[in-house]
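Here the structure is laid out as structure tokens; the discussion comes afterwards.
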Ligand SMILES: [Zn+2]
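Residue numbers (the numbering used here): 107 to 225.
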């Protein structure tokens, strides 16, 4: 048996990937996990999308952490507001992508303040 597996993160081939990710990708993933966890410590009950907006970590990855039970998500299920926020985030990413092509010096990386979840 000479089966190789491709890393789910970078796509490189490895002979043995028990977690589906190579060591490099696991490192990057851990860093992002720590980032989200730190942020959640100060922002309990935040929605997933709010965490993504604040930390810059991909929504898909945050969802994986939750599925793995490493992050607890007890916040509200997605509201219309979250869906709006997701659209805004997507639009922002698109805008940043085109902006970074035009002008690499724009600083839009600072987390936005003032977003609140209404209860
Ligand atoms: Zn990898």
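Beta carbons are placed, not taken as given, at the ideal position from N, Cα and C, and that holds for glycine.
query	result
Residue 122 (DSSP reduced to helix, strand or coil)	coil
Between the CA atoms of residue 170 and residue 140 - distance to the nearest angstrom	14 Å
Top-ranked residue by Cα proximity to residue 152, from 201, 185, 123 and 112	185
Cβ-heavy atom distance, residue 246 to ligand 1, below 8 Å	Only positions 107 to 225 of the chain appear in this structure, which leaves residue 246 out of reach.
By C-beta, the residues closer than 6 Å to any heavy atom of ligand 1, given in chain order	113, 115, 116, 118, 127, 128, 130 and 131
Coil, strand or helix - residue 204 by DSSP	helix
Neighbourhood of residue 148 by C-beta distance below 6 Å, restricted to the same chain and skipping five residues each side	none
Option nearest residue 163 by Cα separation, candidates 150, 143 and 178	143
Beta-ladder partner(s) of residue 159, from DSSP	Note: residue 159 sits in no beta bridge, so no partner.
Cβ-Cβ separation, residue 155 to residue 195 (assumed contact under 8 Å), whole Å	7 Å
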